[in-house]
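Chemist: Okay, here's the structure, questions in a sec.
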């Protein structure tokens with residue numbers, strides 16, 4: 216893995232919201248990311264299943280990491296998440312991306328969220344590349 220991708224993984228895992236909830240970047244390569252979220256008490260809704268906002272966050276981090284794998288900072292421009300079944304407490308969730316487009320100003324990613332073999336959600340994220348080089352994040 217290149218130094219830039221190692222830096223991206225460390226950056227995603229070390230700060231703020233991502234660190235608070237234990238998000239981990241399992242895999243990152245150009246145009247692809249796989250991110251894991253533990254399903255602990257802090258992300259459960261009142262019904263005892265994984266909160267939809269936690270699933271959205273996992274998708275957002277996965278898409279943002281995949282977009283940034285091209286060496287540019289991207290922010291979410293739009294997103295659509297389809298919640299298919301509830302997430303269970305105690306089992307980690309994993310989001311993986313598929314790059315649809317990586318253009319000059321935008322990138323589009325499909326994201327799939329699983330708990331082991333169960334697909335919990337699918338999403339499409341459009342990322343907008345801002346004029347902010349990755350090197351400034353260091």
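Numbering (the numbering used here), first residue to last: 216 to 353.
Glycine included, every Cβ here is placed at the ideal spot set by N, Cα and C.
Because the structure is a prediction, the values reported are computed rather than measured.
Is it the case that the segment 308–325 contacts the segment 242–255, given that we only count it when at least three CB pairs across the two stretches are under 8 Å?
Modeler: yes
Chemist: What is the C-beta distance between residue 323 and residue 339, in whole angstroms, given that I count them as a contact (C-beta under 8 Å)?
Modeler: 7 Å
Chemist: Applying the criterion that 16 or more other CB atoms from any shown protein chain within 10 Å of the CB defines a buried residue, is residue 326 buried or exposed?
Modeler: With 16 or more other Cβ atoms within 10 Å, it is buried.
Chemist: Under a three-way DSSP split, which group does residue 246 fall into?
Modeler: When secondary structure is reduced to three states using DSSP, residue 246 falls in the coil class, being assigned neither helix nor strand.
Chemist: Enumerate in chain order the residues of its own chain whose CB-to-CB distance from residue 343 is below 8 Å, with the five nearest sequence positions on each side excluded.
Modeler: 289, 290, 291, 292, 320, 321
Chemist: Quick check on the burial criterion: 16 or more other C-beta atoms within 10 angstroms. Buried or exposed for residue 257?
Modeler: exposed
Chemist: Between which two residues does the beta strand (DSSP E) containing residue 305 stretch?
Modeler: First-last for residue 305: undefined, no H or E at that position.
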